[in-house]
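Remarks on the structure that follows.
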Amino acid sequence: MVKPIRHKKIIEIIRSRQVETQYQLARELKEAGFDVTQATVSRDIKELGLVKVPGENNNSHYTLPDRAPDLNWEDRLKRLLISSVQGLDCSENLVVVKTLPGEAQGVASAIDQAKMPNIIGTVAGDDTILVVVKPKSAVSEVIGRFRKLTGG
Numbered sequence: 636m637v638k639p640i641r642h643k644k645i646i647e648i649i650r651s652r653q654v655e656t657q658y659q660l661a662r663e664l665k666e667a668g669f670d671v672t673q674a675t676v677s678r679d680i681k682e683l684g685l686v687k688v689p690g691e692n693n694n695s696h697y698t699l700p701d702r703a704p705d706l707n708w709e710d711r712l713k714r715l716l717i718s719s720v721q722g723l724d725c726s727e728n729l730v731v732v733k734t735l736p737g738e739a740q741g742v743a744s745a746i747d748q749a750k751m752p753n754i755i756g757t758v759a760g761d762d763t764i765l766v767v768v769k770p771k772s773a774v775s776e777v778i779g780r781f782r783k784l785t786g787g
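Residue 756 in the numbering used here sits at position 121 of the sequence shown, and the numbers go up by one each step.
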């Protein structure tokens, strides 16, 4: 019963002000009387389908998907890679993407939505994403595409 009430409050919060991070949203929820962790907020964001969109001063913020501007997925992925990714590495058929804290879910969602060839899925934590690549020989191509999108 608490989750629907919390989800309603999240929607109210993001409609009334720009929320840029999961930590900021968790703080807003705590101030509203909800006992939440960052992991709970991360799950709520995913369940509500919230997306990050560009805002003022190159800061992105959460919004409902029906209120998101018409961005294609590659543009969204490029913006998130540039603003959130701290590093890339690989092992066998896995690409490890390190992000700023609280940003992994959004970046992973953008990677999934971009439907890039050879990526069969992602798993995101708080600041780390595992990108599963098939075949293993395509790992360098995937990393190259991520680097090309970020301009580096």
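In this text, a Cβ means the ideal position worked out from N, Cα and C, and glycines have one as well.
Range covered by the alpha helix (DSSP H) that runs through residue i
i	result
serine 718	708-719
glycine 779	774-785
leucine 660	657-666
glutamate 727	Segment: none, glutamate 727 is in no alpha helix (DSSP H) and carries neither H nor E.
glutamine 740	739-749
Beta-bridge pairing of residue i - partner residues as DSSP gives them
i	result
lysine 733	Gly722 and Thr763
threonine 757	Val766
Coarse secondary structure for residue i, derived from DSSP in three states
i	result
valine 790	A query on residue 790 cannot be resolved here, the shown segment of the chain reaching from 636 to 787 and no further.
aspartate 679	helix
lysine 638	helix
glutamine 673	helix
aspartate 705	Reliability fails at aspartate 705, whose pLDDT of 47 lies under 50, so the model's placement of it is uncertain and the value that follows must be treated cautiously. Aspartate 705 falls in the coil class under three-state DSSP.
arginine 650	helix
Nearest candidate by alpha-carbon position, reference residue i, set the options
i	options	result
arginine 780	Pro700, Ile755 and Met751	Met751
tryptophan 708	Asn753, Ala743 and Leu723	Ala743
glutamate 682	Arg641, Ala773, Glu727 and Leu729	Arg641
valine 688	Phe669, Gln653 and Asp724	Gln653
tyrosine 658	Val730, Ala745, Asp762 and Asn753	Asp762
serine 718	Tyr697, Leu735, Gln748 and Ala674	Leu735
proline 700	Val730, Asn692, Asp724 and Arg650	Arg650
serine 677	Glu663, Leu729 and Gly741	Gly741
cysteine 725	Ala661, Ile680 and Ile764	Ile764
aspartate 788	Val732, Ala745, Leu664 and Asn753	Because residue 788 is not part of the residues shown, which for the chain are 636 to 787, the question remains open.
Where the beta strand (DSSP E) through residue i begins and ends
i	result
threonine 698	695-698
Spatial distance of residue i from residue j (CA atoms)
i	j	result
leucine 716	glutamate 738	10 Å
glycine 756	glycine 684	17 Å
lysine 644	valine 720	29 Å
lysine 647	lysine 769	The residue asked about is misnamed: residue 647 is glutamate in this sequence, not lysine. Cα to Cα, glutamate 647 sits roughly 41 Å from lysine 769.
alanine 773	glutamate 727	10 Å
glycine 822	glutamate 666	In the structure as shown, the chain starts at 636 and stops at 787, and residue 822 therefore has no counterpart that could be examined.
tyrosine 697	arginine 782	25 Å
lysine 713	aspartate 670	34 Å
valine 758	valine 637	26 Å
serine 695	lysine 771	33 Å
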